Amino acid sequence: MVSTTTTTTKTDSGKSVRTECTGEALDTVKKHERDEDLTLFGACFSPFVQRVWVALEVFEFPYKVGEVDLIKRPRDSALLEISPKGLVPALKLNNFNPPKSLNESTVILEYINDLAETTMGKSLLPPATNPYARALVRLQCHHINHSILPAYYRYLQAQDQEVQISTGKEYHESINEVADAAGQGEKKTLAVGLGLWIDGNEDIGLADVMVGPWLYRSTTVLKYYRGFELPEGRKFNNWLHKLLNHPVFKKTNSTDDLYLESNEGNAFNRSSSQITKAVNSGRELP
Numbered sequence: 001m002v003s004t005t006t007t008t009t010k011t012d013s014g015k016s017v018r019t020e021c022t023g024e025a026l027d028t029v030k031k032h033e034r035d036e037d038l039t040l041f042g043a044c045f046s047p048f049v050q051r052v053w054v055a056l057e058v059f060e061f062p063y064k065v066g067e068v069d070l071i072k073r074p075r076d077s078a079l080l081e082i083s084p085k086g087l088v089p090a091l092k093l094n095n096f097n098p099p100k101s102l103n104e105s106t107v108i109l110e111y112i113n114d115l116a117e118t119t120m121g122k123s124l125l126p127p128a129t130n131p132y133a134r135a136l137v138r139l140q141c142h143h144i145n146h147s148i149l150p151a152y153y154r155y156l157q158a159q160d161q162e163v164q165i166s167t168g169k170e171y172h173e174s175i176n177e178v179a180d181a182a183g184q185g186e187k188k189t190l191a192v193g194l195g196l197w198i199d200g201n202e203d204i205g206l207a208d209v210m211v212g213p214w215l216y217r218s219t220t221v222l223k224y225y226r227g228f229e230l231p232e233g234r235k236f237n238n239w240l241h242k243l244l245n246h247p248v249f250k251k252t253n254s255t256d257d258l259y260l261e262s263n264e265g266n267a268f269n270r271s272s273s274q275i276t277k278a279v280n281s282g283r284e285l286p
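Under the UniProt record's numbering, think of the first position of the sequence shown as 1, with each following residue one higher.
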C-alpha cells in the first residue's frame, strides 16, 4: 500500500547536501584513510556510491575513501582527473603507472566482482558453472537500474499530489516486480547463489548490493517526505531485514538525519544535481 502523504506537510528549510559521513559510515572512512591500490571517490549521501562501497567491504579489498564535496566539485581536480563529468562514484586504480580509473557504479561493481573472482575465487554472482542463474541475477539488476531507480526519483521529486500518488504506485510496483523476479529465480535455479532473498543464506549477492541503498532510503527519505510504505509479506520483510542489517551494509550507512537533509532538495525539486535535471526533462538517469 502507498500512503498519499505529501510534501505539503513538510517545510522546505533550504538544507543542502552533507559533505561528510556520520555514524558507522564515518567509522569506516576513518579505517580507510591511508593510500591503497584502490581509491573510492564518493559523496556521503549517494546511493550509487554506497553500492560500490558495500562491494569493497564484502571482499575486504584494501582501499582508500576520498569524500567529495559535490557542491565544489568543479574545483575538485582530483575527481575530475578520473571522472570528467564530476560524477561519483569513481574508482582510481593506483597500481597502474600512470593510474587508471573507472566510473559508473554498475561498471565499477562488475570490475570489483571480476577482480574478486580472479584473485580470491569469490563472487557476488552464482557460480560460473551455472550461467543461467547468473543471467537471472543480471536481469534483476537490469530491472533495478531501469525501473526501480527512475521510479524512485520521479516519486521523490514529484510536487503535485496526484503525481505523487501515481509515481508512488509506480515505484511500489517496480519493487514488487524485482521481488517476484527473485522468487522466480529461486524456483528455477534451486536457490543457487541468489543472495539474501534465499531463506538461510547470509551471503550478500549482486542484486542485494544493487538495490539495497534505495530500499534503505525508502524506509527513511521516502517515508519522511512521502509517507511511503514498502511492500509487505513474510519473504519480502525477511529479505529487507537481512539486507539492511547485514554487517557490510551497516558499515556504509550514515545516520538517518544525513540522508533526510541531503535529500531535502530532491524532495522539493530544487536540487541542481544531474539526476534532478534528467528526471525533470524526461531523460535517462546519468
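C-beta: ideal position from N, C-alpha, C; glycine also.
Predicted model only: the values in this text are computed from it and were never measured.
Quick one: grab the DSSP three-state call for residue i.
i, result
"VAL88", "coil"
"SER101", "strand"
"THR119", "helix"
"VAL68", "coil"
"THR129", "coil"
"LEU93", "strand"
"THR22", "coil"
"PRO231", "coil"
"VAL17", "coil"
"ASN176", "helix"
"SER218", "helix"
"ASN269", "coil"
"HIS241", "helix"
"ARG283", "coil"
"LYS277", "helix"
Between the options, which lies nearest to residue i when the distance is taken from Cα to Cα?
i, options, result
"VAL177", "TRP197, HIS143, LYS10, ALA90", "At residue 177 the sequence reads Glu, which differs from the Val that was named. Selected option, being the one with the closest Cα: HIS143."
"GLU173", "ASN238, SER272, GLN159, TYR155", "TYR155"
"GLN140", "PRO127, ILE112, GLY185, GLU117", "GLY185"
"PHE59", "LEU115, LYS85, VAL17", "LEU115"
"ARG283", "PRO150, LYS223, LEU215", "PRO150"
"LEU80", "ASP27, GLY42, ASN266, LEU243", "GLY42"
"TYR171", "VAL209, LYS187, SER218", "SER218"
"GLN161", "PRO62, ALA267, PRO47, THR19", "ALA267"
"GLY195", "GLY121, LYS187, LEU206, THR189", "LEU206"
"ASN245", "ALA135, LYS100, VAL279, VAL209", "VAL209"
Would you please state the rounded distance, in angstroms, between the beta carbons of residue i and residue j? I believe it to be under 8 Å.
i, j, result
"LEU91", "LEU38", "6 Å"
"LEU230", "ILE165", "Rounded, the Cβ-Cβ distance is 16 Å, inconsistent with contact."
"VAL52", "SER105", "6 Å"
"GLN159", "ASN263", "So it is not a contact: roughly 14 Å between Cβ atoms."
"ALA25", "THR220", "Not confirmed; about 14 Å, so no contact."
"PHE45", "TYR224", "Not confirmed; about 14 Å, so no contact."
Roughly how many whole angstroms lie between the Cα atoms of residue i and residue j?
i, j, result
"SER77", "LEU102", "16 Å"
"GLU110", "GLU117", "10 Å"
"THR167", "ARG226", "11 Å"
"VAL49", "ILE275", "14 Å"
"LEU240", "LYS277", "30 Å"
"TYR216", "ILE148", "13 Å"
"THR255", "LEU93", "30 Å"
"residue 305", "ASP257", "An answer regarding residue 305 cannot be provided, because it is not within the stretch 1 to 286 covered by the chain."
"ILE198", "VAL137", "13 Å"
"PRO62", "ASP203", "20 Å"
"ARG234", "GLY23", "29 Å"
"LEU222", "TRP214", "10 Å"
DSSP beta-bridge partners for residue i?
i, result
"TYR63", "LEU38"
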